[in-house]
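S.K.:
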Amino acid sequence: MTTNEALLLVVLVSHIICSLILFYFNYYFLKWYGRIGLLLWCILVGIGIVSSKFYNLDNLINNSLAGKITYYCGLLVSGILYVSNFYAKDAKGKLLFKKRFDIIKNFQELKPISYNQITTMEIPKSYILKVSKTGEILYCSENFQKIFNTDESIIGKNILALNETLGHTDHSWFYETLKNHHWSDESKFIVNNEIKWLSWHNDAILDKNGNIEYIYCTGYEVTKLMQINESLEFKVLHDPLTKLLNYHGIVKKLHEQENVERAVCFFISIQNLDLIQTYYGVGIAEEVIKETSRKVQEYSNRGYLCGRIAGSGNVIIIFNPTDEEISQVVDELEKNILTDVKTNDISIHIKKNIGYAIYPEHTDDLERLLYLSHLAMIDATHIEHNEVVKYHPQLSKNLEDNISIASKLRDAINHQKIDIYFQKIININTGEVKFLEALSRWTDEELGYIPPQTFLKIAKSSNLIDDLEEYLITQAIHKFAILKRSLEFRNTILAINLSPSTFLHERFVNFIDQQVKLHQLNPSDICLELSENTFIYQLDICNYFISQYKEKGFLIAIDDFGKEYSSLSVLGSLTYDIIKIDGSFVTRIFSRKNQAIIEMIVKIANMYNHLIVAESVETAEQVEALKKLNCFIQQGYYFHEPQKII
């Protein structure tokens, strides 16, 4: 290596080191074009050095084209650097270099610059403050002055006292800085009637002896960022549809409560909301939710905590209520259990299921109050009367038992442990088996016999109802297809009971149709029985699904007519083929009143060419009495007890 080449290498390495140092100290002060200019300048000088055979500046400029380009570009870039750094000068106009304000204490290592030289470092949209260790303002930027909305200089005043004029009485930032020599946080100010959020970084500047000389504070506006954060927090804590607090928002509020000696939580749910959505569409269902939530939100005017927890569940929480206050709200809610919601020229009749629990009577955990009130609400779905249900410990015990049964039920479904029994329905005039009703029977090895109404209820509450119904329908149709090959059942129709959630479900319309075709049966061989609680609240929805089944050729029966809710007016509102008179009328068949009712039902059925089936027939006298009333198709233990025929 020649001497010139060695010198050239030294110059190049020195240039790279100097360029890195220069870029390091300037990066955070430069604007984007300043950064690009500095980088280009460093690169061009490096190219010039490498392309030149000489190591002095005159030779570099005079004998190298790249050197000449570098020289003039360097002058231009230097001007850009100077302009972009105009705000990083001391009082004498000397250019200062530093990485970030939060490392200002490291300046004591950069000689000969002293801290007292640093008076202003005007950065656009920055808030600069220099205070003594007693809080006296030594310097502030123009933006910081605007915070206090005064033209009078605040230099020399106490920053803590000034903050108190704005309502900021928390001075921990100052004392934390004195203690730890550093502090950072966000704070909110009103500047020119606009709310502004500032991110503050404070550093205690130490003298040579390690004592605090003053505190240097820099603030940057982060209003847009905070607004975004507030918007995100609102979305996290609020229901997007109703804007009420969601579960997380409710729990957060519960944790913030202090001095709560008593509390009550009401849980309100819309019954059959899924059916409303299926029939009317998502838009109408959402309007129903919003209207119900609006009624709930009115309670917030009394200072109550209101929210919406998943699906159709609304909550009202009252802190430190009196007994009279609780009774008043219970009465108000009971009066509005049944309501009509009008939207888009449609009036929808809805029923609300409502339960409540009390702290600390039922639990010593405020958050668990939500869970217990939800249990009470679920219990409200099973009662016949329109009333608000209060939680009681047996509900938790029932839940534990139901969880155990649900686990066994799932196993029974998966391993086909639930049997299908059949009961004959006889035409007493001909003696033929007009119908075979499929009935489910389950006997668990540990729990013993479990009634159908029990495990059907548990299946619904544990989200097993679809699996259970699919299993029962499949088994019933499969076994019936085999029985229908025999002479006795050649003209028999299979009657299948469907729960409301199954019947009023689009998927099951096609599922049942597929099972019938799979077993080479006709839809007219199948009669679908609807219990009264299928159509009591939403006749239009029920008629919609009835039409879906009827179009495919299935028969429709109204089961247990007259048992709970139904009236004769229902018969004129539904499309059906068969009426099954509830066994309670048959049991009291010798009452003139019951005879008159049965006679009227028979006349209405005959008028529209519908069939009548009398249930729970157990004696010969009942058979004859029904025969006199022209009710010839009968079902009951008198004729046949349910059996596992196949």
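Taken in order, the sequence shown gives residues -1 to 644; the numbers are from the numbering used here. Backbone N, C-alpha and C define an ideal beta-carbon position, used for all residues, glycine too.
Rounded to whole angstroms, what is the Cα-Cα separation between Ile34 and Ile41?
M.R.: 11 Å
S.K.: Does the beta-carbon distance from Lys496 to Leu526 come in below 8 Å?
M.R.: Reading off the sequence, residue 496 comes out as Leu, not Lys. Yes, the Cβ-Cβ distance between Leu496 and Leu526 is below 8 Å.
S.K.: Helix or strand or just coil, what does DSSP make of Ile643?
M.R.: coil
S.K.: Along the chain, where does the alpha helix (DSSP H) containing Arg408 start, and where does it finish?
M.R.: 391 to 412
S.K.: Ile356: which of Arg366, Lys349, Leu271 sits nearest, CA to CA?
M.R.: Arg366
S.K.: State yes or no: is the C-beta of Leu284 within less than 8 Å of the C-beta of Leu239?
M.R.: The question names Leu, yet the displayed sequence has Glu at residue 284. Cβ atoms of Glu284 and Leu239: closer than 8 Å.
S.K.: Nearest CA to the CA of Ala374: which residue from Ile539, Pro450, Gln392, Lys349?
M.R.: Gln392
S.K.: Where does Tyr647 fall in DSSP's three states?
M.R.: The question about residue 647 has no answer, for the chain in this structure spans -1 to 644.
S.K.: Alpha carbon to alpha carbon, how far is Asn396 from Val286? Give it in angstroms, no decimals.
M.R.: If you take the alpha carbons of Val286 and Asn396, they lie about 31 Å apart.
S.K.: Assign Ser545 to buried or exposed, taking buried as 16 or more other Cβ atoms, counted over all protein chains shown, within 10 Å of its Cβ.
M.R.: It counts as exposed.
S.K.: Helix, strand or coil for Gly560, going by three-state DSSP, please let me know.
M.R.: When secondary structure is reduced to three states using DSSP, Gly560 falls in the coil class, being assigned neither helix nor strand.
S.K.: Around the C-beta of Arg646, are 16 or more other C-beta atoms found within 10 angstroms, so that it is buried, or is it exposed?
M.R.: Nothing about residue 646 can be read from this structure; the chain reaches only from -1 to 644.
S.K.: Can you tell me which residues form a DSSP beta bridge with Asn156?
M.R.: Glu134
S.K.: Quick one: measure Cβ to Cβ for Met224 and Trp181, integer angstroms, because I've assumed they're closer than 8 Å.
M.R.: Going by Cβ atoms, the distance from Met224 to Trp181 rounds to 19 Å, so no, they are not a contact pair.
S.K.: Below 8 Å on the Cβ atoms is my guess for Val313 versus Ile210; work out the distance and round it to an integer in Å.
M.R.: Rounded, the Cβ-Cβ distance is 53 Å, inconsistent with contact.
S.K.: How would you write the range of the alpha helix (DSSP H) that Arg292 sits in, first residue to last?
M.R.: 280 to 295
S.K.: Whose CA, out of Asn299, Phe264, Asn342, Thr361, lies closest to the CA of Ile335?
M.R.: Phe264
S.K.: DSSP has Val387 in a bridge; who is on the other side?
M.R.: Gly353
S.K.: Using only the alpha-carbon positions, how far apart do Asp417 and Glu467 sit?
M.R.: 13 Å
S.K.: Terminal residues of the continuous beta strand (DSSP E) containing Val313?
M.R.: 312 to 317
S.K.: Can you tell me the Cα-Cα spacing of Ser571 and Asn541, whole angstroms?
M.R.: 8 Å
S.K.: CB-CB under 6 Å to Val387, same chain, minus the five flanking residues each way: which ones, in chain order?
M.R.: Gly353, Ala374, Asp377, Ala378
S.K.: Around the Cβ of Asn520, are there at least 16 other Cβ atoms within 10 angstroms (buried) or fewer (exposed)?
M.R.: exposed
S.K.: Using the Cα positions of Asp575 and Leu609, report the straight-line distance between them to the nearest angstrom.
M.R.: Their backbone Cα atoms lie some 6 Å apart in a straight line.
S.K.: What span of residues does the beta strand (DSSP E) with Arg439 cover, start to end?
M.R.: 431 to 442
S.K.: Here's a check: name, in chain order, each residue in its chain whose Cβ is nearer than 7 Å to the Cβ of Asp56, leaving out the five neighbours to either side.
M.R.: Only weak support exists for where Asp56 lies, its pLDDT of 47 falling under 50; the coordinates are left without a value.
S.K.: State the Cα-Cα distance for the pair Pro449 and Ile494, rounded to the nearest angstrom.
M.R.: Distance between Pro449 and Ile494, taken at the CA atoms: about 17 Å.
S.K.: Count the other CB atoms within 10 Å of the CB of Ser267; is the residue buried (16 or more) or exposed (fewer)?
M.R.: buried
S.K.: Count the other C-beta atoms from every protein chain shown that fall within 10 angstroms of the C-beta of Val498, then say buried if there are 16 or more, exposed otherwise.
M.R.: Strictly speaking, residue 498 in this sequence is Pro, with Val absent from that position. Answer is buried; the Cβ neighbour count reaches 16.
S.K.: Taking all protein chains shown into account, decide if Lys560 is buried (16 or more other Cβ within 10 angstroms of its Cβ) or exposed.
M.R.: Checking the sequence, you will find Gly at residue 560 rather than Lys. That one is buried.
S.K.: Leaving out the 5 sequence neighbours to the left and right, which residues in its chain are closer than 7 Å to Glu616 when beta-carbon positions are compared?
M.R.: Gly634, Tyr635, Tyr636
S.K.: Can you give the Cα-Cα distance for Val294 and Leu242, rounded to whole angstroms?
M.R.: 10 Å
S.K.: Give the DSSP-derived three-state secondary structure of Gly305 in the structure shown.
M.R.: strand
S.K.: Where does Leu485 land, buried or exposed, given buried means 16+ other C-beta within 10 angstroms?
M.R.: exposed
S.K.: Below 6 Å CB to CB, which residues in the same chain sit around Lys625 once its five sequence neighbours on both sides are set aside?
M.R.: none
S.K.: Here's a check: name, in chain order, each residue in its chain whose Cβ is nearer than 6 Å to the Cβ of Ile153, leaving out the five neighbours to either side.
M.R.: Ile135
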